[in-house]
Every structure is written in C-alpha cells, then in structure tokens.
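In the working numbering, the protein residues as written are 13 to 192.
Printed below as a string of structure tokens:
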C-alpha cells in the first residue's frame, strides 16, 4: 500500500545512518553518543528524538482518514460491484485502524536493527504477522465471522505495538541513563 511505501522511505535510510554512527571508524561507540551525534546531524532519521515515529504515525493517520472517509471511492478505483462495496467498506474502515500501530512497529523495529539489536528487531517483525496474528486469524473469524477476519490485523498490530513499546522503553531508558 502507498502509505507503507512512504513510511519505508523514512525508515530505510535510518538503518545505515544510525549503524554508521554506532560503529564509527570500526569502533563501537556508546549508544547515547550515537543518538547525540545522529540526532544533531540528521534528526529526521533518528527515532530517539521521536521525529521519525511522528512522521510515520502522521502518514498513517492520513491513511486512516482516507480509508475512513472515502472507502467507497477507493473500492471504486477497482471497479467494485455493489456486493464488493457492501463487504469492502466496513472491511477498509476496520482494517485501516491498524495503520497507526503498524507505522510505529516498522520504525522502532528498524531502530533495533540499526543498533545491532537483531533479536529485538526480529521479534518486532514476527510479532505483527506471526506470533500474534496467526492465533487471532484462527480464532476470531470463527467467533465473529467476516467481522472477525477484519479485526484480526488491528488487534495484532495493537498488541504488537504494546510489546514493541515495552521492549523499546528499556533501550531508550538505558540511553537516557547513560546521558545523565
């Protein structure tokens, strides 16, 4: 989807830049210096100052607004039948609620990767589309029918965002403690 492409436009350059400052001249430097240096030089790609997260979530808010306000128009782009519009409008409105949480998870997962926290990056990626999603997609449609299918992604992204937030809080707290 177009909005994910825009989020990745801000996300992808952050990894090598943060990694470069983290491993400047082949030597590891403390994480707090990494963000101090990168935050000073290229703040747009360094999520610790929250700018990248703010940009990603803002883009996703725009996506949610478009999907909430114009679902019929969006479906019309694909020459949707009346039946498809009847099914698709509530689907787009419900599924679009996941965009906000997905943007956050994408950016923070990238930060984990750039800081050499591969396990945390892996966990943040697998949570959304695997660990949380698979049980939900098995259970919710059986309980709630088609609506259950629609709510799977928003719930999976919401739960994943909470876990990623908890994982990132410990790293960001460690950084703040080093700066003090």
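Even for Gly, the Cβ is constructed at its ideal location relative to N, Cα and C. Fair warning: this is a prediction, and the values are worked out from it, not measured in the lab.
Sub-8 Å separation of residue i and residue j beta-carbons
| i | j | result |
| --- | --- | --- |
| residue 109 | residue 76 | yes |
| residue 148 | residue 173 | no |
| residue 65 | residue 119 | yes |
| residue 137 | residue 115 | no |
| residue 107 | residue 166 | yes |
| residue 183 | residue 129 | yes |
Beta-carbon contacts of residue i that lie in its chain and below 7 Å, excluding the five residues immediately before and after
| i | result |
| --- | --- |
| residue 97 | 84 and 87 |
| residue 178 | none |
| residue 175 | 139 |
| residue 144 | 168, 171 and 172 |
| residue 180 | 120 |
Own chain, CB closer than 8 Å to residue i, minus 5 neighbours either side, in chain order
| i | result |
| --- | --- |
| residue 140 | 114, 117, 168, 169 and 172 |
Expected contact under 8 Å - CB spacing of residue i and residue j to nearest Å
| i | j | result |
| --- | --- | --- |
| residue 69 | residue 132 | Not confirmed; about 20 Å, so no contact. |
| residue 155 | residue 164 | So it is not a contact: roughly 11 Å between Cβ atoms. |
Sequence-distant residues of its chain with Cβ nearer than 6 Å to residue i (five each side left out)
| i | result |
| --- | --- |
| residue 135 | none |
| residue 81 | none |
Whole alpha helix (DSSP H) elements within the stretch 76 to 153, 4-residue minimum: Those alpha helix (DSSP H) runs which fall completely within the stretch 76 to 153 and span 4+ residues are 83 to 88, 94 to 107, 111 to 126 and 130 to 138.
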